[in-house]
Each structure stands twice: as structure tokens, then as C-alpha cells.
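Just so you know, my numbering puts 82 at position 33 of the sequence shown, and the rest follows in order with no gaps.
Every residue, glycine too, gets a C-beta built ideally from N, C-alpha and C.
This one's a predicted model, so the numbers in the text were calculated from it and none came from an experiment.
Read the structure below first, then the notes.
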Amino acid sequence: VLAAMKELGYRPNSAARALKRGEFRTIGVITFTLATTGNVRTLEAIATSAASEGYAVTLLPVAVPTQDEV
50 VLAAMKELGY RPNSAARALK RGEFRTIGVI TFTLATTGNV RTLEAIATSA
100 ASEGYAVTLL PVAVPTQDEV
């Protein structure tokens, strides 16, 4: 089975694996603007730290934050 997987270039679906484990290892970041140096540096630090611990980062920039989005 492993040889066939390798030959076919099979890659496990990360979303399916996360559902099975019950753990997505994803951090969500909501930001008002990316137009400032401070925000970009903060996001870079978050992404770097998250990656070093095996987490992915999902970024959601919002134009005007509302309670529904948060």
C-alpha cells in the first residue's frame, strides 16, 4: 500500500486528518488593516511562531470590524 501511495504521488488530505484527530492546528487572526508596519511585523511574528510549533495561520482582514465578524 505504501509503495502504491508513493508511486501515485498520494498525499493525505490535511483537512480529513484534522477532522479525524479533532485538532486543526490553525490559528485565526482578524485584523483591521495591514497598512501599518507594526501590524505586518506582528503578523510575521505570529506566523513564524505558529509555524515553529506546527500551526498554520488563517488571516481575515476586515474593512470595518463588526460584532458579526468577530
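Option nearest residue 112 by Cα separation, candidates 81, 55, 73 | 81
Anyone know if the C-beta pair for residue 26 and residue 74 falls short of 8 Å?
-> With the chain running from 50 to 119 in the structure shown, residue 26 is simply not present.
Whole alpha helix (DSSP H) runs in the region 73-105 with 4 or more residues, listed along the chain?
-> 86-101
Return the CA-CA distance between residue 106 and residue 56, expressed in angstroms with no decimal places.
-> 31 Å
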